[in-house]
Each structure stands twice: as C-alpha cells, then as structure tokens.
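Novice: According to this note's numbering, the sequence shown is numbered sequentially starting from 26.
Next up is a structure, given as structure tokens.
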Amino acid sequence: CVHSVFSRENFPDEEETSLDARRLKWASLLRKFQKYGHYSVGNRVAVLEGGDAGYAAMLAAIAAADTRVWCESYIFDNSHVARLFFRALRDAARRGCDVVLLVDYIGSFGLPAEWVGELQANGAEVQFFNPVLPSSANVGPLSFRDHRKIMICDSLGFCGGMNIQEEVGEEACGSSRFYDVHAKLEGPCVADLADVFRDSLRENGGRVLRGPIPRPGRLADGVYVQILQSNVRQRRRTLQKVIMRAIHEADESIYITTAYFFPPGFLRRALLQVPARGASLSLLLSGSSDFYPLPGDLLAQTHFLRKFLRETRLYEDRVSVHLYGQRHMHAKHMAVDGVFSYIGSFNYDLYSARRNLEVGVAVFDKSLAQHLQSLHQRKVGEARKTALSDRVYTQPLMRVACAVTYFAIRLSGRNLFDGLDCFQRKWLVRKAALTFLLEEQAAQFVAMSMMWGLD
Numbered sequence: 026c027v028h029s030v031f032s033r034e035n036f037p038d039e040e041e042t043s044l045d046a047r048r049l050k051w052a053s054l055l056r057k058f059q060k061y062g063h064y065s066v067g068n069r070v071a072v073l074e075g076g077d078a079g080y081a082a083m084l085a086a087i088a089a090a091d092t093r094v095w096c097e098s099y100i101f102d103n104s105h106v107a108r109l110f111f112r113a114l115r116d117a118a119r120r121g122c123d124v125v126l127l128v129d130y131i132g133s134f135g136l137p138a139e140w141v142g143e144l145q146a147n148g149a150e151v152q153f154f155n156p157v158l159p160s161s162a163n164v165g166p167l168s169f170r171d172h173r174k175i176m177i178c179d180s181l182g183f184c185g186g187m188n189i190q191e192e193v194g195e196e197a198c199g200s201s202r203f204y205d206v207h208a209k210l211e212g213p214c215v216a217d218l219a220d221v222f223r224d225s226l227r228e229n230g231g232r233v234l235r236g237p238i239p240r241p242g243r244l245a246d247g248v249y250v251q252i253l254q255s256n257v258r259q260r261r262r263t264l265q266k267v268i269m270r271a272i273h274e275a276d277e278s279i280y281i282t283t284a285y286f287f288p289p290g291f292l293r294r295a296l297l298q299v300p301a302r303g304a305s306l307s308l309l310l311s312g313s314s315d316f317y318p319l320p321g322d323l324l325a326q327t328h329f330l331r332k333f334l335r336e337t338r339l340y341e342d343r344v345s346v347h348l349y350g351q352r353h354m355h356a357k358h359m360a361v362d363g364v365f366s367y368i369g370s371f372n373y374d375l376y377s378a379r380r381n382l383e384v385g386v387a388v389f390d391k392s393l394a395q396h397l398q399s400l401h402q403r404k405v406g407e408a409r410k411t412a413l414s415d416r417v418y419t420q421p422l423m424r425v426a427c428a429v430t431y432f433a434i435r436l437s438g439r440n441l442f443d444g445l446d447c448f449q450r451k452w453l454v455r456k457a458a459l460t461f462l463l464e465e466q467a468a469q470f471v472a473m474s475m476m477w478g479l480d
C-alpha cells in the first residue's frame with residue numbers, strides 16, 4: 026500500500042530518491058501503528074459531508090440490512106431526524122435483524138421513553154451508557170461518557186462526528202446549526218469497527234454482549250485503514266498515540282478541522298513543533314458556540330489561541346488559524362502530508378484525551394487525504410482568519426473571562442472529578458508497589474516496630 030500511494034503516477038514531478046525516502050518513512054511509521062491492531066487493506070472509505078448526506082446514507086443502510094444493525098451515538102434526541110432513525114431501527118427489528126442501540130445516558134437524556142419501549146417490544150436491545158439511576162447500573166463516575174459514533178449495518182460501517190440530532194441535519198433533516206463530516210466504510214475494517222462497538226457494550230457492564238462479525242472480504246483497489254479507539258479504563262489510547270505521532274512525523278503540511286480546541290499538553294507540544302520543522306499548519310476551528318447560555322467553549326478556545334499564536338509568532342508564514350462562524354464547526358478530521366488522514370469523534374480537549382470513549386478511522390491514501398484537505402480549504406475560504414492583533418486577545422476584561430473559563434474547563438477535566446488516572450500506568454505501578462509493601466513485607470514491618478529499646 027505504501028508503494029501504491031507513493032507511485033510515479035501520484036507524484037510525477039518528484040525524484041525517485043525522494044519517493045524512496047518517503048516510502049521508507051511511512052512504511053516504518055505504519056508498522057509502528059500496527060502494534061495497536063485493527064488494521065487492514067482492501068477497504069473503501071467515502072466521506073459524507075453534512076448531515077443530510079450522512080443521514081441519508083445511514084438510513085439507506087439500515088433499510089437494506091438483513092442481519093444486524095448496531096448503532097452507537099452520544100446524542101440521540103427527540104427531533105424529526107431522530108424519529109426517522111427510530112422508525113428505521115424498529116422496522117429492522119421487525120424484519121428479524123439483530124438491532125442494538127447504545128446511547129450515552131447524559132447525551133441522550135431526551136430520547137423518548139415510548140421510543141425505547143417500542144424498540145424493545147419489537148426485539149431490539151436498547152442500552153444507556155453509564156446511567157445515573159439505578160445506581161446498580163453505574164459503570165464509572167458521572168463524567169465517564171460514551172462519545173463514540175458508530176453504526177454497523179451488515180457489512181457496512183459508519184464512523185465520524187455526527188450524532189443523531191436536529192442540529193446536524195440540514196435542509197432535509199434539521200436546523201443546519203452544525204457542520205459535520207462522517208465516513209462510510211466497506212471492507213475488512215468494518216469488522217474492526219464492530220469490535221470497538223462490542224468494547225463499548227463490555228464497558229457498559231456487559232448486560233448485552235455480541236460476538237465478532239464475519240470479516241468482510243478485501244475490495245479491489247482498496248485502501249489501508251486502521252480503526253483507532255480510546256478507552257482509558259482498559260489503557261487503550263491508540264487514537265491519541267496515532268494522532269500525536271502523525272503530527273510529529275509531518276514533513277510538509279497538516280490540516281486540522283475540529284471543535285472545542287483547547288488541547289492537552291502532549292498535543293499542544295506536538296503542534297508547536299510542526300512549524301519549527303518547516304511544515305505548514307492550518308487550523309480550522311469553530312467560531313460559534315453550542316454552549317448555552319455562556320459560550321464557554323469559545324472563551325476557553327480564545328485563551329488557548331492567544332498563547333498558541335504568541336508561541337508561533339515567528340512562524341506566521343507557516344501557521345494559519347481560521348474561525349468558521351456560519352455554523353458550529355463540529356467536524357473532526359485531519360490530513361497529513363497529503364497521504365494520511367483521520368476522521369472520528371475525538372475532540373482536542375481533556376475530556377476526549379483522558380476520559381471519554383472515543384473512536385476514529387485512520388486512512389493511508391492520497392485521494393482521501395487530499396479530499397479532506399480540499400474540504401478544509403473550502404471552509405477556510407468561508408471563515409475568518411484570526412491573528413494575535415485581534416481585539417479579543419488584547420482587551421483586558423475579555424482576557425480575564427477567557428482565562429477563568431479555560432482554567433475552569435481544564436480543572437473539570439482532571440482526575441479530581443473522575444478518578445480515572447488510576448488506570449494510567451504510573452498509578453498502577455504505585456498501586457502494585459503499595460500492595461507489595463502491605464502484603465509481602467507486613468510481617469517484617471510488625472517485627473521491626475516491636476524491637477524498641479534495642480541498640
């Protein structure tokens with residue numbers, strides 16, 4: 026797959042020695058990524074831009090399913106578009122399909138109880154992730170949420186940033202408040218995506234479980250795909266590691282489209298090194314908020330951008346930051362060096378990095394990377410470029426409000442509020458050391474403590 030991407034046909038003007046160097050580099054990088062598993066060749070990935078296109082493709086796949094429809098979403102509201110999905114899932118269950126709907130308890134609090142009851146009456150399994158009540162169904166702290174967006178319809182898979190909600194839909198399906206991007210998957214990678222869905226079921230207490238699905242065959246002229254995930258309780262952070270390493274290895278360009286941009290330290294440091302290496306960095310962020318009534322996401326993002334723009338001011342020709350204000354930018358994708366790309370649910374914040382269940386699709390293919398790059402550039406043309414001289418970064422009261430909001434959000438994402446750091450390696454080492462001291466050396470401690478008065 027590396028030779029097919031770095032072919033003479035794809036890079037007609039590049040010297041063979043340069044192509045060989047790039048082949049060796051990316052072959053080595055992909056081999057390092059393969060230790061995280063869930064990779065395959067012979068896949069087909071289609072980008073679904075906008076809620077209308079994404080919802081139409083998913084509803085058509087549900088209607089055509091014969092065996093299974095597994096759906097996982099952070100938000101499943103009570104809107105018109107959600108009703109379309111409810112009816113499609115109900116009809117699939119009536120046809121005899123194995124229908125499993127897994128939604129987050131907090132994100133999908135508005136899912137009507139009568140819909141849940143009707144789905145269950147027709148044989149579908151409906152699960153709420155980490156519910157508050159009953160307490161016996163809790164699987165973690167309240168802040169431990171399922172942020173994944175997955176759909177498996179027989180041998181088709183869908184993954185990306187789209188929730189099932191009115192704001193994502195456009196003219197046909199919603200209010201057009203959000204701009205979002207999803208991916209449609211075909212090939213062996215669908216079985217890997219289904220494994221991540223099964224992981225979510227296990228994390229929800231295992232009340233409903235499913236076995237692996239048959240692995241679809243390879244498609245002719247298919248591409249290399251790796252399914253990435255984040256599950257801090259199982260110490261699986263393949264998504265964060267691949268994104269960080271891809272940013273570190275960029276030689277030419279990185280195009281990132283995302284919302285809620287106040288990244289944790291490891292991603293901030295990786296991004297700061299990009300222009301220093303001579304590569305270009307383009308960030309397309311949301312210029313409108315979906316927080317109500319206080320736009321906390323924009324205030325925190327503004328504080329971070331002020332620091333980020335100040336730290337990269339020597340590389341203004343290589344770093345550009347644009348704010349998209351026509352709609353809330355909810356898409357989450359990245360293109361690196363025009364050959365490597367990512368689409369998923371991961372936000373550049375502490376909640377996604379160290380708390381939520383997340384999922385993403387990494388693709389090594391020039392055409393898909395350039396397609397995402399073109400989407401990014403087209404939206405950049407509709408956005409406003411922000412610079413350190415903007416008034417929002419210099420006004421004292423605004424700076425104070427942004428700083429307070431930023432540190433409040435940072436604090437809310439810490440271990441103090443969830444205790445999830447106990448699943449990190451350093452905490453496990455400390456626990457193991459303490460257990461050893463208490464269990465293996467307890468007798469020695471007791472004996473030594475009783476030897477008082479001896480010289």
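A virtual CB, placed ideally from N, CA and C, is assigned to each residue, including glycine.
Computed from a predicted structure; not experimentally measured.
1. Nearest CA to the CA of K60: which residue from S168, R261 and F183?
2. Grouping DSSP H, G and I as helix and E and B as strand, with all else coil, what is C178?
3. Who are the near neighbours of F36 in its chain, counting only those whose CB is closer than 7 Å to its CB and skipping five residues on each side?
4. How big is the Cα-Cα spacing for P156 and R338?
5. Under a Cβ-count criterion, where at least 16 other Cβ atoms within 10 Å of its own Cβ denotes burial, should D446 be classed as buried or exposed?
6. Flag this pair as yes or no: are the beta carbons of H28 and R48 separated by less than 8 Å?
7. Leaving aside the five residues before and after N188 along the sequence, list all residues of the same chain whose C-beta is less than 6 Å from its C-beta, in chain order.
8. By how many angstroms is the C-alpha of S307 removed from the C-alpha of S32?
9. Per DSSP, what kind of secondary structure is C96 in: helix, strand or coil?
10. What are the boundary residues of the alpha helix (DSSP H) that includes E41?
11. Using only the alpha-carbon positions, how far apart do L54 and L181 sit?
12. Which residue's Cα is closest to the Cα of G185: S437, I368 and Y373?
13. Counting Cβ pairs closer than 8 Å, one from the stretch 279 to 288 and one from the stretch 298 to 313, do we hit at least three?
14. Is it buried or exposed, F329, if we count other Cβ atoms within 10 angstroms and call 16 or more buried?
15. Suppose only complete runs of 4+ residues qualify. What are the alpha helix (DSSP H) ranges in the stretch 55 to 139, listed by chain order?
16. Any chance the stretch 350 to 369 sits against the stretch 400 to 410, with 3 or more Cβ pairs inside 8 Å?
17. So which of H172, V106 and C198 has the shortest CA-CA distance to G132?
18. Beta carbon of V125, beta carbon of R235: below 8 Å?
19. What three-state label does DSSP hand R235 in the structure shown?
20. Tell me, please, whether the stretch 127 to 143 touches the stretch 163 to 178 by the rule of three or more beta-carbon pairs shorter than 8 Å.
21. Less than 8 Å between the CB atoms is what I'm expecting for L483 and N103, so what's the real figure, rounded?
22. Assess, as a yes-or-no matter, whether the stretch 372 to 383 is touched by the stretch 332 to 347 under the definition of 3 or more beta carbon pairs within less than 8 Å.
23. Indicate whether the contact test is met: 3 or more Cβ pairs, each with one atom in the stretch 311 to 323 and one in the stretch 391 to 403, closer than 8 Å.
24. Nearest CA to the CA of S345: which residue from A412, R108 and E150?
25. For L479, count neighbouring C-beta atoms within 10 Å of its own C-beta (all shown protein chains included) and say buried if the count is 16 or more, exposed if not.
26. Could you pull the start and end residues of the beta strand (DSSP E) that F154 belongs to?
27. Go ahead and pull the three-state DSSP assignment for L308.
28. Buried or exposed, going by whether 16 or more other CB atoms sit within 10 Å of the CB of S255?
29. Could you tell me the distance, in whole angstroms, from the CA atom of S168 to the CA atom of A245?
30. So the beta strand (DSSP E) Y349 belongs to, where does it begin and stop?
31. Around the Cβ of L210, are there at least 16 other Cβ atoms within 10 angstroms (buried) or fewer (exposed)?
32. What does R261 pair with, by DSSP beta-bridge criteria?
33. Short check: CB of A146 to CB of A113, under 8 Å?
34. Measuring only the C-alpha atoms, how far is T263 from G62?
35. Using a 10 Å radius around the Cβ and a threshold of 16 neighbouring Cβ atoms, would you call D38 buried or exposed?
36. How is the alpha helix (DSSP H) around K404 delimited, first residue to last?
Specialist: Taking the structure as given:
1. Position 35 of the sequence shown, counted from the start, is the residue given in the question as residue 60. Closest by alpha carbon: R261.
2. Working through the sequence shown from its first residue, we reach residue 178 at position 153. It is a strand residue.
3. Within the sequence shown, residue 36 is the residue found at index 11, counting from 1. So the list reads L44, once near-sequence residues are dropped.
4. Mapped onto the sequence shown, residue 156 falls at position 131. Mapped onto the sequence shown, residue 338 falls at position 313. Between P156 and R338, the C-alpha separation is close to 46 Å.
5. As a position in the sequence shown, residue 446 is number 421, starting the count at 1. Result: exposed.
6. Working through the sequence shown from its first residue, we reach residue 28 at position 3. Working through the sequence shown from its first residue, we reach residue 48 at position 23. The answer is yes: Cβ separation under 8 Å.
7. Position 163 of the sequence shown, counted from the start, is the residue given in the question as residue 188. Around N188: S98, Y99 and I100.
8. Stepping through the sequence shown from its first residue, residue 32 is reached at position 7. Stepping through the sequence shown from its first residue, residue 307 is reached at position 282. Taking the straight line from one Cα to the other gives about 26 Å.
9. Numbered from 1 along the sequence shown, position 71 holds the residue referred to as residue 96. It is a strand residue.
10. Locating residue 41 in the sequence shown gives position 16, counting from the first residue. Taken as a continuous stretch (DSSP letters only), the alpha helix (DSSP H) holding E41 covers E41 to F58.
11. By 1-based counting over the sequence shown, the position of residue 54 is 29. By 1-based counting over the sequence shown, the position of residue 181 is 156. Approximately 28 Å between the Cα atoms of the pair.
12. Numbered from its first residue, the sequence shown carries residue 185 at position 160. Nearest C-alpha to G185: I368.
13. yes
14. Here residue 329 refers to the residue found at position 304 when the sequence shown is read from its first residue. Counting Cβ neighbours within 10 Å, F329 comes out buried, since at least 16 surround it.
15. 76 to 89 and 105 to 119
16. yes
17. Residue 132 sits at position 107 when you count from the first residue of the sequence shown. When only C-alpha atoms are compared, the closest one is H172.
18. The residue labelled residue 125 in the question sits at position 100 within the sequence shown. The residue labelled residue 235 in the question sits at position 210 within the sequence shown. Yes; because the gap between Cβ atoms is below 8 Å, this pair is in contact.
19. Here residue 235 is taken as the residue at index 210 of the sequence shown, counted from 1. The answer is coil: DSSP assigns R235 none of H, G, I, E or B.
20. yes
21. Residue 483 cannot be examined here, being either before or after the span of the chain that is shown, 26 to 480.
22. no
23. no
24. One-based indexing of the sequence shown puts residue 345 at position 320. Checking every option, the nearest Cα to that of S345 belongs to A412.
25. Here residue 479 refers to the residue found at position 454 of the sequence shown. Its pLDDT being 48, under 50, L479 is placed unreliably by the model, and the measurement read from it follows with that caveat. Classification of L479: exposed, given that the 10 Å Cβ count is below 16.
26. Taking the first residue of the sequence shown as 1, we reach residue 154 at position 129. From DSSP, the beta strand (DSSP E) with F154 extends over E150 to F154.
27. For the purposes of this step, residue 308 is taken as the residue at position 283 of the sequence shown. L308 falls in the strand class under three-state DSSP.
28. In the sequence shown, residue 255 corresponds to position 230, counting from 1. Looking at its Cβ environment, which holds 16 or more other Cβ atoms inside 10 Å, S255 is buried.
29. One-based indexing of the sequence shown puts residue 168 at position 143. One-based indexing of the sequence shown puts residue 245 at position 220. Rounded to whole angstroms, S168 to A245 spans 43 Å at the Cα level.
30. In the sequence shown, the residue the question calls residue 349 occupies position 324. First-last of the beta strand (DSSP E) with Y349: V344 to Y349.
31. The residue labelled residue 210 in the question sits at position 185 within the sequence shown. Label assigned to L210: buried.
32. In the sequence shown, residue 261 corresponds to position 236, counting from 1. R261 pairs with N256.
33. The count along the sequence shown starts at 1 and reaches residue 146 at position 121. The count along the sequence shown starts at 1 and reaches residue 113 at position 88. In this structure, A113 does not lie closer than 8 Å to A146 by Cβ.
34. Position 238 of the sequence shown, counted from the start, is the residue given in the question as residue 263. Position 37 of the sequence shown, counted from the start, is the residue given in the question as residue 62. Computed Cα separation, rounded: 9 Å.
35. As a working mapping, residue 38 is identified with position 13 in the sequence shown. Exposed, by the Cβ-count rule.
36. As a first step, residue 404 is located in the sequence shown; it is residue number 379 there, counting from the start. Counting along the chain, the alpha helix (DSSP H) containing K404 begins and ends at K391 to V405.
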